[in-house]
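Chemist:
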Amino acid sequence: MAKPGNSNKKSLDPAVNQMLEKARKENIQTVWDRYEVMLPQCGFGDTGLCCRHCLQGPCRIDPFGDGPKTGICGATADVMVARGLDRAIAAGTAAHSGHAKHLAHTLMKMSLDKTRDYQIKDEVKLKAVSTRMGIPVDGRLAKDIAKDLAQAALADFHEKETPVMWAATVVPEKRVAVLKKHGLVPKGIDHEISEIMHRTLYGVDADPVNLLLAGLRCGVADLAGCYMGTDLADILFGTPSPVTSEANLGTLKKDWVNIALHGHNPVLSDILVSVAREKQGMAISKGAKGFNLVGICCTGNEIMMRHGIPSCTHSVSQETAILTGAVDLMVVDYQCIMPSVATVAQCMGTQVLTTMDLCKITGADHMNFAEEEAVLKAEEILAMAAGNFAKRKGKPVEIPEVKTPVVAGFSVEAIVAALSKLDEKEPLKPVVDHLKAGNIRGVCLYAGCNNVKVPQDENFVIMARKMLKENVLILATGCGAGALMRHGLMDPANVNACCGDGIKAVLTAIGEANGLGGPLPPVLHMGSCVDNSRAVALTVALANYLGVDTSSLPVVASAAEAVSEKAVSIGAYAVAAGLPTHVGVMLPVMGSPLVVDVLTKTVKDLTGGYFIVDLDPESAADKLLAAIDERRKGLGL
Amino acid sequence: MDQVKEIFLRKNRCMGCHSCELACAVAHSASKNMYEAMGEVPLPKNRVYVEAVSENLPIPVLCRHCEDAPCMHACIAGAIRRMEDHSLFTDADKCIGCWTCVMVCPYGVIGRHLDAQKAYRCDRCPDLEEPACVSACPTKALVYQSVTTFSKDKRRHAAEELSRGEGK
Amino acid sequence: MAGHLNHVVIGASAAGLSAACAILKTTPRARVRVVSEEKDAPYFRPMIPFIISGKKGSSDVKMVGQGPYVQEGFELFTNTRVTRVDAGQKRVITDSGQIVSYDRLLIASGGKPYLPPEIEGVDVEGVYALRTLSQARAAAKRSSNVTHAVMLGGGLLNLKAAFSLLEKGLEVTLVVYSPEILSQLMEPEDAVMIRNALEQAGLKIMTGCSARKIVDGSKGVCSVVLDDNREIACEMVFIGKGVRPCVDFLGDSGIEIDSGVVVDRYTKSSMNDIFAAGDVAVTFDPITGERIVTGLWTNAAEMGTCAGKNMAGCPTAYSGTFGVMNATQVAGLPFVSMGVVHPGNNEHEIHKNISDTSYRKLVFSKDGNYLLGLVMIGDIKNAGLYRFIMREQRNIRFLKEKIIGQSLTSADVMYG
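What follows is the structure, given as structure tokens:
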């Protein structure tokens, strides 16, 4: 009865398995142990058939029909499931846009001189984004433009005259028309989140289709939050360009002060990277060879993309970084930080430092980070880590000797710049030509997390390898990128072994035109999970170049091992943008055949996009390839 | 006289919600009240266990009160006896915690109270109209019936399915 | 006419009483006479360490009317020893010369403690080879007035008795010839956790040495002299060197004896209408197929029930038992040991899982597809499931991950 593709192993990553063996010996619980204890998980929650939205509940609907057929209020299975899904989308949207709002406030503080620790690193992008937002740029000081842009960003959160600009101005005209037609244009990011909470309240919306449309609209608001997050981070910290780095636990170094930066936002981590580079003396004075910063999850992606900081591990295996005993300080901001890191850290004598007031963890230390004194706080953190090193020095550590080379940094700007070496006037033309010639069969974005229910990385690796052989151009973000990089798929040396002839030729042509003396890596790393916006931007650029809507392009997406509600909201906007979107774990919707039907079929008539839920990576890849081929056919290719 | 009732399992119905476990623990608590039971010392123990054949197939297991009960014969203290309703009863006063019953129970359904060093098991809730786990089961995967009624129901279901052409 | 058959049962412990109850349950009108050489009414023999500690009195451990022994209607003759079985005439002769005829006879005479001939002075006052309730009462009495006991032998009975004495405040020294305690139930390295717990609880353990002589003083035993001539002062000695089947009265009966009474799959001896069960019987290990005699209450009760059914005309095959099988808790540490636990060669696949609080050894067949034995210490959850799959000799290829990962559930075994 084992699920397809689900073997007994915990992770495909040998470094992770080595640490899990250590945990077993030392009797330290990890996420895999807690999952075992949790089994079997409740079928009502699993199928979306339980509701706790009011105090008359909790309610459960019996899918076998002997028990209750509706909730106490009369909500049907369809309503219950749709409401639950909506709330997940709202939560994901709140997280991405909260991240963006944090950057908007930072940009604002910088422009008002409330902090001197941040600068505009990419003025070209500042002007381009501002122009898109209708903010005048000619002859103005960058700081003044930045203030207007920060204001425009903050304005996008509430209901106002205009729709959410970071949604309406980032997709093709044709897509805007489709969204308008179905009432899917968000009025304000926070407004959509709030409205979801309103309509899913006890006794409000009880029409499952109406609920799902609201969920999709909130998904579009999530796209805005992500897009804004990417734009503002690029302006403040620089737009990524290709950079070499390394990944996996082998990037920790015994004799160095190891600081693991975990979470999502570059606001603190980017400052830490630059201060650490200047203040190596602090580490050396404690007997270390220097500071060794490594990333975990999307904070890791942010600083890898911009600075080549190595990623030490991702998502479900975050505890293994601490299990090495070599981490002197784990600095976290927010999102995807399992509270258990503090527990494992206590077992290993590691310090965990929370830095944001909205994310404190019992058992961790807290220091509230403020942009006004970013460098000062960064120095305090470095001193803390160096002090911890002095205590750790000489004690045994177990660092798996596993790491892979990575080439990352593929922002849309970087990709276009690379392509312009092939065709200066029309940089997208080579891509379109290769698409037409079939050297690029289509494009697939891998995003999302690692889920304990799937042997870590297995779905990503099986699917990506299969699609590379089929000449699909692979993009990756978030912990999907983390998975693929730890298995060598961001190492150009593996292009020959992994890629079909067509995509191999494309990657090689671009690489050589850019003087790399070889191909680009098999998978292009586009950044953190907010940077899924980069994949949308690339799709939109291609659509605009071809004069078609995004839903016509052979572009697909996959959250093959999703965990977070953020993955659900990203899925919602991918579908709203017209993409066939695979999810490799079960969404809590199976209790409503109607909702399943809408998400996987009916919605296609509205947006062109739809969900594919398939737990078997082999057949999921086949379905995505079929979706790509269907679209190629639609374009007459 | 009424026929003796037993707890039967309709195994494909179990959703793995663990509601039976909660209800069992509460029924064997001092307060018989969920909120209070959660704070009792010692914590009440459930005697039904929702286990998984695979991740997707949960199954509640509990003492079957075997006809030829290995635990009763194995007990070195004479602490296990059969009650009038044919159920087996572990007398905590006599139990010495040697765990021989645990060693011989082929269903793994005898619990161990480690602090008290006493074994415990399902007692079919003698003070309740039907066992708490049965009442708590939202999908009626657990039923409390006589052997005759249970088999009659099973036959009727099978016949219905056959007449709908769903039989295999 | 099976209902009126005349049954005689020699021995009134687990096997004998289980058989008597099973006969009467199957054929309520049968005549069942149970003969016991002990003066006491039947009692739960494994409880005698609790008599020593004083936690239980004689009346707390009586069998009749308790647990499964609730069948009424058998006649019980205590203080009666059978001296001869006349299989030809289908009768037994007792020590008082009484002649009791039978249609069917069960030999459930149990075992008697083994007293190693190389130890001098085993008959000195204060030396016990603990087997009966009356011995336990005597030991309990003496233990209330002395300060130091020496236990010879590292088996379970001695450990339990040692604990009872520790609880009463005695200083207790355990002398074990084997390199480690519990050598019958596990390998030396398996026993380390238990040994540590015992020592922490105050037991003094001396391994690799044995007693040569028990010295008689003015008030009974005063010391034990070891083979290396060390002398330990003490006022009590317990010899726990295992038991041997009680077959001395069967000498001229014609019944096949191979250390114990040899029986077939249906618990019948080599003579018609004579059955045997319990510690006196030679049974077999379903895993190794070897002939074994065991000294375990649980086995005796199970085999006795089986024999009773066979005698009552309801043929019931006995499925044998593991040569090694035991569960208990000593020094706060529960443990289970069963099946092949001394895998001495390379013919097995062995998995160990050791943590601070638990120890687990799994012995699989060479091809890895069958579970043959296990030792669980600390955490004995679901031990019965493993016994079940071992006894059934089930191919566990698909359950192996779960067995090794300690996540095997009843549901896996029943429905997997």
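In order, the protein sequences belong to chains A, B and C.
Per the working numbering, residue 1 is the first one in the first sequence, and the count goes up by one each step.
Per the working numbering, residue 1001 is the first one in the second sequence, and the count goes up by one each step.
Per the working numbering, residue 2001 is the first one in the third sequence, and the count goes up by one each step.
We put the CB at the ideal spot given by N, CA and C, even for glycine.
#1: Could you check if residue 1004(B) is buried or exposed, using at least 16 other CB atoms within 10 Å of its CB as the buried criterion?
#2: Using the C-alpha atoms, what's the distance from residue 2172(C) back to residue 2183(C)?
#3: Starting from the Cα of residue 544(A), find the closest Cα among 562(A), 108(A), 174(A) and 364(A) and give me that residue.
#4: Consider the Cβ of residue 2017(C): report whether some Cβ of chain B lies at a distance smaller than 7 Å.
#5: Which bits of chain C does residue 1100(B) rub up against, with CB to CB less than 7 Å?
#6: Does the beta carbon of residue 1990(C) come closer than 7 Å to any beta carbon on chain A?
#7: Nearest by alpha-carbon distance to residue 263(A): which of 206(A), 458(A), 314(A) and 275(A) is it?
#8: Along chain B, which residues have their Cβ under 8 Å away from the Cβ of residue 42(A)?
#9: Alpha carbons only, please: which of 137(A), 113(A) and 114(A) is nearest the one belonging to residue 123(A)?
#10: Look at the alpha carbon of residue 2433(C) and the alpha carbon of residue 2083(C), and state the distance between them as a whole number of angstroms.
#11: I need the DSSP call for residue 2315(C), collapsed to helix, strand or coil.
#12: What does residue 2387(C) reach in chain B if we use C-beta pairs closer than 8 Å?
#13: Would you mind stating whether residue 82(A) and residue 216(A) have Cβ atoms separated by less than 7 Å?
#14: Taking 7 Å as the threshold (C-beta atoms), are residue 522(A) and residue 494(A) in contact?
#15: Identify each residue in the stretch 2037 to 2048 of chain C for which the Cβ-Cβ distance to at least one residue of chain B is less than 7 Å, and report them in chain order.
#16: Cutting at 8 Å between CB atoms, please list the residues of its own chain near residue 290(A), excluding the five before and the five after it.
#17: In chain order, which alpha helix (DSSP H) runs of at least 4 residues are fully inside the stretch 517 to 584 of chain A?
#18: Does residue 2321(C) pass the burial test, meaning 16 or more other C-beta atoms within 10 Å, or should it be called exposed?
#19: Could you check the C-alpha separation between residue 1061(B) and residue 1109(B) for me, to the nearest Å?
#20: Between residue 2409(C) and chain B, is there a C-beta pair that is closer than 7 Å?
#21: Answer yes or no: does any C-beta atom of chain B fall closer than 7 Å to that of residue 641(A)?
#22: Over the uninterrupted alpha helix (DSSP H) stretch that includes residue 2410(C), give me the two end residues.
#23: Are the CB atoms of residue 125(A) and residue 234(A) within a distance shorter than 7 Å?
#24: Which word fits residue 1148(B), buried or exposed, when buried means at least 16 other C-beta atoms lie within 10 angstroms of its C-beta?
#25: I'd like to know whether the C-beta of residue 1052(B) is nearer than 7 Å to at least one C-beta of chain A.
#26: Which residue marks the beginning of the beta strand (DSSP E) containing residue 258(A), and which one marks its end?
#27: With a threshold of 16 other CB atoms inside 10 Å of the CB of residue 678(A), please say whether the residue is buried or exposed.
#28: Please report the distance separating the alpha-carbon of residue 2129(C) from that of residue 2324(C).
#29: So, does the stretch 306 to 325 of chain A touch the stretch 333 to 353 of chain A, judging by three or more C-beta pairs under 8 Å?
#30: In angstroms, rounded to a whole number, what distance separates the CA positions of residue 1097(B) and residue 197(A)?
#31: Measuring alpha carbon to alpha carbon, tell me which residue in 2015(C), 2395(C) and 2327(C) is nearest residue 2111(C).
#32: Please report how far the alpha carbon of residue 6(A) lies from the alpha carbon of residue 1009(B), in whole angstroms.
#33: Around the Cβ of residue 2034(C), are there at least 16 other Cβ atoms within 10 angstroms (buried) or fewer (exposed)?
#34: At the 7 Å Cβ level, is residue 1122(B) part of the contact set with chain C, yes or no?
#35: Kindly provide the ranges of any alpha helix (DSSP H) runs that are 4 or more residues long and lie completely inside the stretch 2350 to 2410 of chain C, ordered along the chain.
#36: List, in chain order, every chain B residue whose beta-carbon is nearer than 7 Å to that of residue 66(A).
Modeler: So, from the data block:
#1: exposed
#2: 19 Å
#3: 174(A)
#4: no
#5: 2298 and 2327
#6: No information on residue 1990(C) is available, as it lies outside the stretch 2001 to 2416 that chain C covers here.
#7: 314(A)
#8: 1015, 1016, 1017 and 1018
#9: 137(A)
#10: Nothing can be reported for residue 2433(C), as the shown portion of chain C is limited to 2001 through 2416.
#11: coil
#12: 1103, 1104 and 1106
#13: no
#14: yes
#15: 2044, 2046 and 2047
#16: 256, 257, 280, 283 and 284
#17: 532 to 546 and 565 to 576
#18: buried
#19: 7 Å
#20: yes
#21: What the structure shows of chain A is the stretch from 1 to 637, and residue 641(A) is not part of that stretch, so it cannot be assessed.
#22: 2410 to 2415
#23: yes
#24: exposed
#25: yes
#26: 257 to 263
#27: Residue 678(A) falls outside the range modelled here, since chain A spans only 1 to 637, and no answer is possible.
#28: 22 Å
#29: yes
#30: 54 Å
#31: 2015(C)
#32: No answer about residue 6(A) holds up, because its pLDDT of 38 lies below 50 and its placement is not dependable.
#33: buried
#34: no
#35: 2383 to 2391 and 2400 to 2404
#36: 1139 and 1140
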